[in-house]
Amino acid sequence: MVIGEGEIDHAPMLWIGEEVGKGDGPEVDIAVDPIEGTRMVAMGQSNALAVMAFAPRDSLLHAPDMYMKKLVVNRLAAGAIDLSLPLTDNLRNVAKALGKPLDKLRMVTLDKPRLSAAIEEATQLGVKVFALPDGDVAASVLTCWQDNPYDVMYTIGGAARRRDFCLCR
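So for the sequence shown, the UniProt record's numbering puts the first residue at 1; every next one is plus one.
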């Protein structure tokens with residue numbers, strides 16, 4: 001288990017470093033989030049997910065429980081993003097890659113105080129911003145689909161819970 005829930009939620013299982021299985025199959029890294037969107041489940045809302053990823057041993061990033069920037073685009077804009085650049089530059093680059101003016105670009109994020117500056121920054125560029133209360137994993141998956149409702153998913157949040165974004169290739 002490379003990324004689990006044990007440490008974060010004090011769960012009795014799914015700890016980082018925990019070994020699962022019978023031990024006679026291939027060795028793999030496992031990342032799991034049994035309920036991404038706990039509040040949504042508790043309130044009977046949609047877009048909560050169970051997330052699990054498998055990859056060859058030692059190939060998944062072990063991300064400590066810290067905040068990080070997360071930027072998701074579909075394959076048409078994959079080469080246009082650079083996390084070392086400011087959000088404004090990335091939005092301009094994505095719009096260019098998609099052949100859209102900035103006022104036709106659609107960014108989804110979370111409605112959280114830590115993202116108010118990013119929402120303001122994108123809005124000032126003319127980007128249409130959708131701020132959801134929760135559900136950035138579902139929004140990330142939608143962003144990756146062709147003919148999707150969003151061009152960019154941007155948020156700042158827990159690294160250990162967001163490894164699933166980079167797995168959507």
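For glycine and all other residues, C-beta sits at the position ideal for the given N, C-alpha and C.
Spatial neighbours of K128 in its own chain (CB-CB distance under 6 Å, excluding positions within 5 residues in sequence) are listed in chain order as R106. Contact annotation: I3 and I30 have beta-carbon atoms nearer than 9 Å. Here the C-alpha atom of E27 lies approximately 13 Å from the C-alpha atom of L60.
DSSP places L14 in the coil class of the three-state scheme, outside both helix and strand.
The Cβ-Cβ distance between Y154 and A117 does not fall below 9 Å. Of the candidates S46, L142, D111, T88, T88 places its Cα closest to the Cα of Q124. For M40, the secondary structure class from DSSP, reduced to helix, strand or coil, is helix.
At a cut-off of 3 residues, the continuous stretches assigned as beta strand (DSSP E) that sit fully inside the stretch 97-133 are 106-110, 128-132. Where L83 is concerned, there is no enclosing alpha helix (DSSP H), because DSSP gives it neither an H nor an E. When rounded, the separation of the alpha-carbon atoms in G25 and F54 is 13 Å. Between C144 and N90, the beta carbon gap of about 16 Å keeps them out of contact (Cβ cut-off 8 Å).
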